[in-house]
Amino acid sequence: MKSDKSKLTFWLLLSPLVIWLATLIVLPHVGMFLVSLREKVGIREYETSFANYAVFFNEPLYWNTFARTAYMSIAATLLTLFIGFPIAYYIAKLTRGRTKTTLFLMCLIPFWVSELVRTFGWMILLRETGVVSQLLQYAGLVDGPIEMLYNDAAIMTGLVYTSMLFMVVPLVTTLDSLDDSLIEAGYDLGGTSFSILREIVIPHAMPGIVSGCIVVFMLSLGNYLTPILLGGKDSLWFTGLIYSQFITRFNWELGSAFGFLLLGLSSLIVFLGLKLSGQSLSKTMAR
Amino acid sequence: MITTIPQNSAFKWSYRLYVTLFFIYLALPLATVCVFAFNDSVFPSLPWEGFTWAWFFGDQAPYIGVFHERPILRSVVTSGVVAFWVATLSVFVGTCNAFLFVRHEFRGKAFLYILMLLPLIIPGIILGISILVFTSNVANTLEDATGLWFDGLRPGIILVVLGQFSFITTFATLVISARLQKFDSSLEEAALNLGATQWGAIRAVTLPFLFPAMAAAAVVAILMSFENFNTTLMLVGSDAPLTITMFDRLKLGSTPVLNAVSLLLIVGSAILGLASLLLQKK
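Chains E and S supply the protein sequences, listed in that same order.
Under our numbering, think of the first position of the first sequence as -15, with each following residue one higher.
Under our numbering, think of the first position of the second sequence as 97, with each following residue one higher.
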């Protein structure tokens, strides 16, 4: 009797999970994959083929954009790591008590705000009639208005800004758990600041570095707002291509193929990151 | 490089300077957006023409403030409705998931757990298109088979809710599970010994203990729903939530009314964010 009841409870708890994952995650992705294998041969007539993937590999614009999105995302990830690491170290190791909480909150607040608002801020600052351009003119440093939007540097600024939190938080968490006495011991044994950083701090922070990098890379790769608004029409970001195939050209077959390629790349990088650092997905993501 | 070990002061000061510059970089775009919400000019840029409240309360063109701008007010309501349903659904499913993963052992648990985490690593725009493709196919099949219309499965508010729910539930599950793991199950056993039914014990003892985490998950869900863009963009129909409306305005160029909306959003999200932190600390 009791076991019947607990079985019932189990099935009742299991069903929302299964319904959610099956109807909103698994089936849609299987469906998208099947659509990406369809080739249109007539009105509502389709054949199964790899034609859509062939289009991708035969059209330089498409795979160039794909490659560009990938390496820009890698660059953004590395830049975020280099800028964020000293900050995380400062918050975790060189501040105490209230200062620490305040600095940490100051890092968090900008990221509770919609990405749209943050990007809007950068647009007001960087555009031709923007604040930076006009301040430079008032200061007499430049003669005419200068356009700082719609180039790769602007995209990079926006991407790094948008992803910073996802790097700083895991880094602060792992650096916090590093015992100060280990660093002291390093100095006692004659280590220089650099060798201590290399042999004690960075190895200890590795889990945080990996999870930060994975999340930042994924977010940059899948970002749409920042490259489109800060990079303009020629930003050539892969998500932009997906959007135009789906919404503007209504070519869902090709769009699905693009979507699958992006998903494949992002999963591959996550997988490699986890394998190289010997960590599991559940541990990395639960941070 | 720790507080107990002295460093030369040039290094210390340049480190501090770097940290200061970093925080200026963080604050700069948000501060700029806020400042220009009060500029008495139809463009959100310099020169400074004087202070005004018109972008909040103005009702004469071109000085139409947020509170008189119908399309924006309407999309705030849409966002609110979406956020409400996303929060309700994801906290409900998240609570069930937490009980399932924390309290039950079963075959395939590890696999389902990984599957449950997957929405975190799927780019939002891909979640959006996959749900769009799937629901359209289902709608087409159903319409061919029955001859009825299934508008709920076409881009619109229902799909936006489903799309956001599909990944926000993972966050809700993680937040609520973390709290349930800390629960001392002897409390529930005590209630059972005192004659409570299983469900009665959960309702009287476990759920009140979980409540702060459920509330925090709801706040996080509302926050994420309000600001979600990528997934929503692919699923939106005729009634657009706030971020989509703002995006359309932004592409065309707009008066500082957008700055005023943004300022309100910044204040609102800071309050919600702090609330979620306080709730999780409890």
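Using N, Cα and C, we set each Cβ at its ideal position, and we do this for glycine too.
It should be emphasised that the depicted structure is a prediction, and the values quoted were computed from it without experimental measurement.
> So the alpha helix (DSSP H) Thr86 (chain E) belongs to, where does it begin and stop?
Replying inline: Here the question's residue 86 (chain E) lines up with position 102 in the first sequence. Per DSSP, Thr86 (chain E) belongs to the alpha helix (DSSP H) from 81 to 96.
>> Cβ closer than 8 Å: which chain S residues qualify as neighbours of Glu99 (chain E)?
In response: Numbered from 1 along the first sequence, position 115 holds the residue referred to as residue 99 (chain E). In chain order: Glu323, Phe325.
>> To the nearest angstrom, how far is the alpha carbon of Ala60 (chain E) from that of Phe201 (chain E)?
In response: Within the first sequence, numbered from 1, the residue matching residue 60 (chain E) stands at position 76. Within the first sequence, numbered from 1, the residue matching residue 201 (chain E) stands at position 217. Each residue's Cα considered, the two are about 8 Å apart.
> So, is the C-beta of Ala270 (chain E) closer than 8 Å to a C-beta in chain S?
Replying inline: Within the first sequence, the letter at position 286 stands for residue 270 (chain E). Only weak support is given to the placement of Ala270 (chain E): the predicted model assigns it a pLDDT of 49, under 50, and the question is left unresolved by the model.
> Can you name the residues of chain E whose CB is closer than 7 Å to the CB of Thr128 (chain S)?
Replying inline: Numbered from 1 along the second sequence, position 32 holds the residue referred to as residue 128 (chain S). Simply Gly105, Ile108, Leu109, Val115.
>> Assuming contact is defined by CB atoms lying nearer than 8 Å, are Leu196 (chain S) and Leu(-2) (chain E) in contact in what I supplied?
In response: Counted from its first residue, the second sequence places residue 196 (chain S) at position 100. Counted from its first residue, the first sequence places residue -2 (chain E) at position 14. Yes, the pair counts as a contact, with Cβ atoms nearer than the cut-off.
> For Ser105 (chain S), is the classification buried or exposed, using 16 other Cβ atoms within 10 angstroms of its Cβ as the cut-off for buried?
Replying inline: The count along the second sequence starts at 1 and reaches residue 105 (chain S) at position 9. It counts as exposed.
>> If you reduce the DSSP assignment to three classes, tell me which class Asp247 (chain S) lands in.
In response: For this step, residue 247 (chain S) is matched to residue 151 along the second sequence. Correct three-state label for Asp247 (chain S): helix.
>> Bridge partners for Tyr159 (chain S) per DSSP, in chain order?
In response: Translated into the one-based positions of the second sequence, residue 159 (chain S) becomes position 63. S:Gln156, per the DSSP bridge assignment.
> Under the rule that 16 or more other beta-carbon atoms within 10 Å means buried, what is Pro44 (chain E), buried or exposed?
Replying inline: In the first sequence, the residue the question calls residue 44 (chain E) occupies position 60. The residue in question, Pro44 (chain E), is exposed, as its Cβ has fewer than 16 Cβ neighbours within 10 Å.
>> When you compare the CB positions of Met330 (chain S) and Ile221 (chain S), do they come within less than 8 Å of one another, or not?
In response: By one-based count along the second sequence, residue 330 (chain S) stands at place 234. By one-based count along the second sequence, residue 221 (chain S) stands at place 125. Against a cut-off of 8 Å, the Cβ pair of Ile221 (chain S) and Met330 (chain S) comes out as a contact.
> Based on Cα-Cα distance, which residue from S:Ile253, S:Phe118, S:Asp247, S:Leu122 lies nearest to Pro70 (chain E)?
Replying inline: Your numbering for residue 70 (chain E) matches position 86 in the first sequence. For the residues S:Ile253, S:Phe118, S:Asp247, S:Leu122, the minimum Cα distance to Pro70 (chain E) belongs to S:Phe118.
>> Going by C-alpha to C-alpha distance, which of S:Phe322, S:Lys377, S:Asp344, S:Leu348 sits closest to Val439 (chain S)?
In response: Summary: the structure shown does not reach residue 439 (chain S), with chain S confined to residues 97 through 378, and so no result is reported for it.
> Can you find at least 3 beta carbon pairs, one from the segment 123 to 142 of chain S and one from the segment 107 to 122 of chain E, that sit closer than 8 Å?
Replying inline: yes
> What is the C-beta distance between Ile198 (chain E) and Gly248 (chain E), in whole angstroms, given that I count them as a contact (C-beta under 8 Å)?
Replying inline: For the purposes of this step, residue 198 (chain E) is taken as the residue at position 214 of the first sequence. For the purposes of this step, residue 248 (chain E) is taken as the residue at position 264 of the first sequence. Wrong, their Cβ atoms sit about 16 Å apart, outside the cutoff.
>> Is there a Cβ of chain S sitting closer than 8 Å to that of Arg102 (chain E), yes or no?
In response: Numbered from 1 along the first sequence, position 118 holds the residue referred to as residue 102 (chain E). It does: the Cβ of Arg102 (chain E) has a partner Cβ on chain S nearer than 8 Å.
> Grouping DSSP H, G and I as helix and E and B as strand, with all else coil, what is Glu112 (chain E)?
Replying inline: Along the first sequence, read from residue 1 onward, the residue named residue 112 (chain E) stands at position 128. DSSP places Glu112 (chain E) in coil when its eight states are reduced to three.
> Taking Cβ positions only, does Phe234 (chain E) come closer than 8 Å to chain S?
Replying inline: In the first sequence, counting from the first residue as 1, residue 234 (chain E) sits at position 250. By this cut-off, Phe234 (chain E) is not an interface position.
> So the alpha helix (DSSP H) Leu181 (chain E) belongs to, where does it begin and stop?
Replying inline: The count along the first sequence starts at 1 and reaches residue 181 (chain E) at position 197. Here Leu181 (chain E) belongs to no alpha helix (DSSP H), and DSSP marks it neither H nor E.
>> Less than 7 Å separating the Cβ of Ala317 (chain S) from some heavy atom of the ligand SAH?
In response: Among the ligands in the structure shown, none appear at all, so the ligand SAH cannot be discussed.
> Cβ atoms of Leu100 (chain E) and Thr339 (chain S): under 8 Å apart, would you say?
Replying inline: Here residue 339 (chain S) corresponds to residue number 243 of the second sequence, with the count starting at 1. Here residue 100 (chain E) corresponds to residue number 116 of the first sequence, with the count starting at 1. Against a cut-off of 8 Å, the Cβ pair of Leu100 (chain E) and Thr339 (chain S) comes out as a contact.
> For Val126 (chain E), which residues of its own chain have a beta-carbon under 6 Å away from its beta-carbon, when the five flanking residues on both sides are left out?
Replying inline: Translated into the one-based positions of the first sequence, residue 126 (chain E) becomes position 142. Counting only Cβ-Cβ distances below 6 Å, and skipping sequence neighbours, we find Leu120.
>> Please report the straight-line C-alpha distance between Trp47 (chain E) and Leu143 (chain E), rounded to a whole angstrom.
In response: Within the first sequence, the letter at position 63 stands for residue 47 (chain E). Within the first sequence, the letter at position 159 stands for residue 143 (chain E). Their backbone Cα atoms lie some 21 Å apart in a straight line.
> Leaving out the 5 sequence neighbours to the left and right, which residues in its chain are closer than 7 Å to Asp91 (chain E) when beta-carbon positions are compared?
Replying inline: Position 107 of the first sequence, counting from 1, holds the residue named residue 91 (chain E). It should be pointed out that residue 91 (chain E) corresponds to Cys in this sequence rather than to Asp. Excluding positions up to five away in sequence, the list reads Leu149, Val152.
> Taking just the CA atoms, how far does Phe325 (chain S) sit from Arg271 (chain E)?
Replying inline: Reading the first sequence from its first residue, position 287 is the one you call residue 271 (chain E). Reading the second sequence from its first residue, position 229 is the one you call residue 325 (chain S). Legend: pLDDT at Arg271 (chain E) = 43, less than 50; position of this residue unreliable, value from coordinates given subsequently. Each residue's alpha carbon lies about 24 Å from the other.
>> So Tyr114 (chain S) contacts chain E; which residues on that side make the cut at Cβ distance below 7 Å?
In response: Numbered from its first residue, the second sequence carries residue 114 (chain S) at position 18. Those are Pro70, listed as they occur along chain E.
>> Does Glu131 (chain E) come out as helix, strand or coil in the three-state DSSP assignment?
In response: The residue given as residue 131 (chain E) occupies position 147 in the first sequence. The answer is coil: DSSP assigns Glu131 (chain E) none of H, G, I, E or B.
>> If you follow the alpha helix (DSSP H) that Ser195 (chain E) is in, where does it begin and where does it stop?
In response: Position 211 of the first sequence, counted from the first residue, corresponds to residue 195 (chain E). Taken as a continuous stretch (DSSP letters only), the alpha helix (DSSP H) holding Ser195 (chain E) covers 186 to 205.
> At a Cβ cut of 7 Å, what residues of the segment 263 to 276 of chain S count as close to chain E, listed as they run along the chain?
Replying inline: Thr265, Leu270
>> Quick check on the burial criterion: 16 or more other C-beta atoms within 10 angstroms. Buried or exposed for Ile225 (chain S)?
In response: Taking the first residue of the second sequence as position 1, residue 225 (chain S) is located at position 129. That one is buried.
>> Less than 8 Å between the beta carbons of Gly190 (chain S) and Ala268 (chain S), yes or no?
In response: As a working mapping, residue 190 (chain S) is identified with position 94 in the second sequence. As a working mapping, residue 268 (chain S) is identified with position 172 in the second sequence. Cβ distance < 8 Å, so Gly190 (chain S) and Ala268 (chain S) count as in contact.
> In whole angstroms, what is the alpha-carbon distance linking Arg22 (chain E) and Phe244 (chain E)?
Replying inline: As a first step, residue 22 (chain E) is located in the first sequence; it is residue number 38 there, counting from the start. As a first step, residue 244 (chain E) is located in the first sequence; it is residue number 260 there, counting from the start. Spanning the two alpha carbons is a distance of roughly 13 Å.
>> Below 8 Å on the Cβ atoms is my contact criterion, and I expect Gly224 (chain E) with Pro211 (chain E) to pass it. Report the Cβ-Cβ distance as a whole number of Å.
In response: The residue labelled residue 224 (chain E) in the question sits at position 240 within the first sequence. The residue labelled residue 211 (chain E) in the question sits at position 227 within the first sequence. That pair is a contact at about 7 Å.
> Taking Cβ to Cβ, would you say Val97 (chain E) is nearer than 8 Å to Ile210 (chain S)?
Replying inline: Numbered from its first residue, the first sequence carries residue 97 (chain E) at position 113. Numbered from its first residue, the second sequence carries residue 210 (chain S) at position 114. No; because the gap between Cβ atoms is not below 8 Å, this pair is not in contact.
> Anyone know if the C-beta pair for Pro219 (chain S) and Leu214 (chain E) falls short of 8 Å?
Replying inline: Numbered from its first residue, the second sequence carries residue 219 (chain S) at position 123. Numbered from its first residue, the first sequence carries residue 214 (chain E) at position 230. No, Cβ-Cβ distance for Pro219 (chain S) and Leu214 (chain E) is not below 8 Å.
> CB Ala76 (chain E) to CB Leu203 (chain E), shorter than 8 Å?
Replying inline: Translated into positions along the first sequence, residue 76 (chain E) becomes position 92. Translated into positions along the first sequence, residue 203 (chain E) becomes position 219. Their beta carbons are not under 8 Å apart, which means Ala76 (chain E) does not touch Leu203 (chain E) by this criterion.
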